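Notes follow once the structure below has been shown.
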Amino acid sequence: MAWVLLAVAFAVLVLAVLGSAAFRSVTVAERLNAAAAVVFFLAIVPLLWLVPGAGETALDHEILLDPFGVWVLVCLACVYLASSIYGIGYMRWMHEEVDRLHWYYALFAAFALAMFLAPIQNSPGLYWIAIDLTTIVSAFLVGFQRAPESIEAAWKYIVIVSAGLSLALLGTVLFYWAGTATFGPVYSMTWANFAIMAPKASPDLLLVAFLLVLVGFGTKVGLAPMHTWLPDAHSEGPAPVSAMLSGALLNCAMLGIVRYLNVLHHTTLFEDARTVLIGFGVASLVVAALFITRQSVAKRLAAYSSVEHMGIIAMGFGFGGVLGVVGALYLMLNHSLTKSLVFFGSGNMMHAYNSKEMSAMRRIGTWYPFSGGLWLLGAVAITGAPPFGLFLGELTVLRGGLVSHNPWGVWVMGALLVVIFIGFLSHFVSMYFGSEPLHVPTLKLPRLNVAPMAVIAVVIVVLGLWWPRPLWEFFLGIAHHLGGA
Amino acid sequence: MAILHIGSVPTAIISLLVVVALILSFVMLGSHWIRNHIYAFAAESWVIGAISVAVGIYAHIPELYAIAALTVVVRGTVMPLLLLRISDDLDLGREFTPVLRPSTSLLVGAGLVVFSYAVADRIASQLGPIGTVALLALTAMFGLKLIGFAMLVLRSGAFSNILGLLVIENGIFLGSQILVPGMPLLLELVILFDLLLIVSTFGLLVRYLKTFAGTTDTRDLNRLVG
Numbered sequence: 038m039a040w041v042l043l044a045v046a047f048a049v050l051v052l053a054v055l056g057s058a059a060f061r062s063v064t065v066a067e068r069l070n071a072a073a074a075v076v077f078f079l080a081i082v083p084l085l086w087l088v089p090g091a092g093e094t095a096l097d098h099e100i101l102l103d104p105f106g107v108w109v110l111v112c113l114a115c116v117y118l119a120s121s122i123y124g125i126g127y128m129r130w131m132h133e134e135v136d137r138l139h140w141y142y143a144l145f146a147a148f149a150l151a152m153f154l155a156p157i158q159n160s161p162g163l164y165w166i167a168i169d170l171t172t173i174v175s176a177f178l179v180g181f182q183r184a185p186e187s188i189e190a191a192w193k194y195i196v197i198v199s200a201g202l203s204l205a206l207l208g209t210v211l212f213y214w215a216g217t218a219t220f221g222p223v224y225s226m227t228w229a230n231f232a233i234m235a236p237k238a239s240p241d242l243l244l245v246a247f248l249l250v251l252v253g254f255g256t257k258v259g260l261a262p263m264h265t266w267l268p269d270a271h272s273e274g275p276a277p278v279s280a281m282l283s284g285a286l287l288n289c290a291m292l293g294i295v296r297y298l299n300v301l302h303h304t305t306l307f308e309d310a311r312t313v314l315i316g317f318g319v320a321s322l323v324v325a326a327l328f329i330t331r332q333s334v335a336k337r338l339a340a341y342s343s344v345e346h347m348g349i350i351a352m353g354f355g356f357g358g359v360l361g362v363v364g365a366l367y368l369m370l371n372h373s374l375t376k377s378l379v380f381f382g383s384g385n386m387m388h389a390y391n392s393k394e395m396s397a398m399r400r401i402g403t404w405y406p407f408s409g410g411l412w413l414l415g416a417v418a419i420t421g422a423p424p425f426g427l428f429l430g431e432l433t434v435l436r437g438g439l440v441s442h443n444p445w446g447v448w449v450m451g452a453l454l455v456v457i458f459i460g461f462l463s464h465f466v467s468m469y470f471g472s473e474p475l476h477v478p479t480l481k482l483p484r485l486n487v488a489p490m491a492v493i494a495v496v497i498v499v500l501g502l503w504w505p506r507p508l509w510e511f512f513l514g515i516a517h518h519l520g521g522a
Numbered sequence: 102m103a104i105l106h107i108g109s110v111p112t113a114i115i116s117l118l119v120v121v122a123l124i125l126s127f128v129m130l131g132s133h134w135i136r137n138h139i140y141a142f143a144a145e146s147w148v149i150g151a152i153s154v155a156v157g158i159y160a161h162i163p164e165l166y167a168i169a170a171l172t173v174v175v176r177g178t179v180m181p182l183l184l185l186r187i188s189d190d191l192d193l194g195r196e197f198t199p200v201l202r203p204s205t206s207l208l209v210g211a212g213l214v215v216f217s218y219a220v221a222d223r224i225a226s227q228l229g230p231i232g233t234v235a236l237l238a239l240t241a242m243f244g245l246k247l248i249g250f251a252m253l254v255l256r257s258g259a260f261s262n263i264l265g266l267l268v269i270e271n272g273i274f275l276g277s278q279i280l281v282p283g284m285p286l287l288l289e290l291v292i293l294f295d296l297l298l299i300v301s302t303f304g305l306l307v308r309y310l311k312t313f314a315g316t317t318d319t320r321d322l323n324r325l326v327g
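Okay, here's the thing in structure tokens:
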């Protein structure tokens, strides 16, 4: 049953890509894409119940279905659904691009397809290729508007990420080489085989390989100091693309780092590797805190918040233990949802005030009481305030940190979270309660641009008040598998 | 560690080819004529193809012949032609943007290769006697990687960025042919295809840069900061 659903999910995405490209009609493409997103969501969510706890492989052991991968797919399905619906309204604002808008939908579905392929790869090499494909497809989405800024962002994105991923490829080759001592010159490259060979391999070689992989996929995750492409790409693409990049893609890349970390679980390097991950997490929080405080562009603010969230999630996996891993997993979904909400809100307000600058957006509550209110709610949620899901997740990570080998991380993280909270919300205070705007916004927001925000707002409040017991147990299973318990 | 167990003549041949590939990357690092750069890249790809053939013969891995043929066709012929077309379209003759003079660049490259040797030697010393070829392959792998990064850093032309990335890729491919000749064939094929895709993407984006941003010098791409 699980495999049937996975095949359905794959098939609808392929259909959406081909259909959007073939029919050359915007109306067909936007509906096709939204329908694909709905079916994809319905196919992926039941996997939470159906996935076998220990994982299962198919297609000659090429495809892996395990709880961690499914969880990343669930995050992807939520973001894809929300941004496909929001995107219909948003992209209709781009009248001048109408001739090639169907390409946008084809690329959008292709982007989802590439991200769908990454977590289900049983081979680290094919996982690398899936991540590389996401870069190629999304670079075109980032540069879709053909403004000088968009093209600049797309260029920086693809050069920096390709350079980073080449490091990850080198690391992958070195991991495979390390395994030839155990398995002989030819063996199948799988996560499981890597985990078997690691305790017997040379520690120096493994250390070099792991650091290469960590820096490589860390570039894609946006861990500082490899994050430099992230604010550009996330702020210059259309808002639905920003949501997908931030909410779905970063998780897909984080999955690779965690799987490689897990490979080292029974080696002497494990503690050091986790500490390095925490170090990158702290660096990301520092960078995010500095740039959030001094930010002037709405979407870049949200982009730096992604750097922050990925830093916290990296620290959660770095702390390890049951609480660290469970907290990080809960954060993944809440990050996906909340970040989408904030990017949607930014996209709406950018068009309403006809500016990217936050200084132009003033008195939002007066002109847009409902959608503006949702955006404000998202901003409060994103900084980790209660009663939202991110708060529960961050609290769990902090608790995990206290019982870990690196309790110092907890204090650094706590202090930086306070700075980010103040810095982030001070921008919103000015946007909602500042002086009168120079240009009064007259744009009426379409329902499609507000409805997904409202639904997400409800979900994150529910997740903040109630952590479903079955979900907790699902995470415990993953934590156990990742060596947390 | 499964290392090639081969005689002294094959060792000499493969070592020679690796050194030639490494020297060709210095040609790229020192030359500021885009055309020479592309020719050196093509030549390096052919040398890597030759390495695949040599390893295939002496280690008895016939799949490597197919890989070698594909390397020569894709990396050694199609990709350089694609790059030549892009550079002609953009009317690029010379890279005018180096931060350092060619001679200084070469010195930097030499330093990077020495550093690579130090890292490779450290890893090799832990693995026991692994033989010259593996040590050399590891050195070339790290060395080409660092030289590629140096090219990314020291030159700001968008086209040079592509070439830098290709040198990095070549280094990984060269090393993997010698260290892990048994790496799954599927993976190597997909990586080749992926590379072709990424070069086409770069080509398209460079044209967009020229048309919509009005420059192909990445130093002028300074709209997005902070």
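As they're listed, the protein sequences go chains A and B. Throughout the first sequence, residue numbering follows my numbering, covering 38 to 522 in sequence. Throughout the second sequence, residue numbering follows my numbering, covering 102 to 327 in sequence. For glycine and all other residues, C-beta sits at the position ideal for the given N, C-alpha and C. None of the values given here were measured: they were computed from a predicted structure.
For residue i and residue j, I'd like the C-alpha separation in whole angstroms.
i: Val121(B); j: Gly276(B); result: 14 Å
i: Leu253(B); j: Leu508(A); result: 46 Å
i: Ala74(A); j: His132(A); result: 24 Å
i: Ser203(A); j: Leu297(B); result: 15 Å
i: Ile158(B); j: Ala95(A); result: 34 Å
i: Gly382(A); j: Ser408(A); result: 7 Å
i: Val313(A); j: Gly355(A); result: 8 Å
i: Ser188(B); j: Ile188(A); result: 19 Å
i: Leu247(B); j: Val319(A); result: 27 Å
i: Phe142(B); j: Arg176(B); result: 9 Å
i: Ser472(A); j: Tyr405(A); result: 16 Å
i: Phe470(A); j: Leu413(A); result: 12 Å
i: Tyr140(B); j: Leu185(B); result: 9 Å
i: Val379(A); j: Leu150(A); result: 24 Å
i: Val326(B); j: Gly415(A); result: 25 Å
Counting C-beta neighbours from all protein chains within 10 Å, is the total for residue i 16 or more, i.e. buried, or is it exposed?
i: Thr205(B); result: exposed
i: Pro156(A); result: buried
i: His476(A); result: exposed
i: Thr420(A); result: buried
i: Arg311(A); result: buried
i: Asn323(B); result: exposed
i: Pro262(A); result: exposed
i: His464(A); result: buried
i: Gln278(B); result: buried
i: Ile459(A); result: exposed
i: His161(B); result: exposed
i: Leu368(A); result: buried
i: Arg256(B); result: buried
i: Ala113(B); result: exposed
i: His264(A); result: buried
i: Lys237(A); result: exposed
i: Trp448(A); result: exposed
i: Gln182(A); result: buried
Within the same chain, show all residues whose beta-carbon is closer than 6 Å to that of residue i, passing over the 5 residues directly before and after it, in chain order.
i: Met398(A); result: Met386, Tyr390 and Met468
i: Leu9(A); result: The structure shown does not extend to residue 9(A), since chain A spans only 38 to 522, so no value can be given for it.
i: Ala147(A); result: Val54 and Val174
Taking residue i and residue j to be in contact with their CB atoms under 8 Å, please state how far apart those CB atoms are, rounded to whole angstroms.
i: Leu84(A); j: Ala48(A); result: The pair is not a contact, with the Cβ atoms about 15 Å apart (cut-off 8 Å).
i: Ser279(A); j: Lys336(A); result: 6 Å
i: Ser321(A); j: Val344(A); result: 5 Å
i: Trp266(A); j: Lys193(A); result: 5 Å
i: Val119(B); j: Ile152(B); result: 7 Å
i: Gly15(A); j: Leu260(A); result: The shown model of chain A, from 38 to 522, leaves out residue 15(A), and the question about it has no answer.
With a threshold of 7 Å on Cβ separation, who are the neighbours of residue i within its own chain once the five nearest residues in sequence on each side are excluded?
i: Gly501(A); result: Pro423, Pro424, Phe425, Gly426, Phe428 and Leu429
i: Ser217(B); result: Thr240, Phe243, Gly244 and Leu247
i: Thr209(A); result: Pro161, Gly162, Trp165 and Val250
i: Leu374(A); result: Cys115, Ile493, Val496 and Ile497
If you drop the 5 nearest sequence neighbours on each side, which residues of the same chain put their C-beta closer than 8 Å to that of residue i?
i: Leu43(A); result: Ala80, Leu84, Ile100, Leu102 and Ile157
i: Ile294(A); result: Val250, Leu251, Phe254, Gly255, Val258, Leu314, Ala351 and Phe354
i: Met395(A); result: Gln332, Ser333, Val334, Ala335, Leu338, His464, Ser467 and Met468
i: Val215(A); result: Looking at the sequence shown, residue 215(A) is not Val but Ala. Closer than 8 Å at the Cβ level, and outside the excluded window around Ala215(A), lie Met234, Ala235, Ala238, Ser239, Leu242, Leu243 and Ala246.
**Message:** Under 8 Å, with one C-beta from each stretch per pair, do the stretch 142-151 of chain A and the stretch 43-61 of chain A reach the 3-pair mark?
**Reply:** Short answer: they touch.
**Message:** Can you confirm whether the stretch 356-364 of chain A touches the stretch 245-264 of chain A when touching is taken to mean that 3 or more C-beta pairs between the two stretches lie within less than 8 Å?
**Reply:** Not touching, per the Cβ criterion.
**Request:** Report yes or no: do three or more beta-carbon pairs, one from the stretch 480-489 of chain A and one from the stretch 437-448 of chain A, lie closer than 8 Å?
**Result:** Three or more Cβ pairs closer than 8 Å define a contact, and the stretch 480-489 of chain A falls short of that threshold against the stretch 437-448 of chain A.
**the stretch 223-243 of chain A in contact with the stretch 281-300 of chain B per 3-pair CB rule at 8 Å** = Output reads yes: the stretch 281-300 of chain B touches the stretch 223-243 of chain A.
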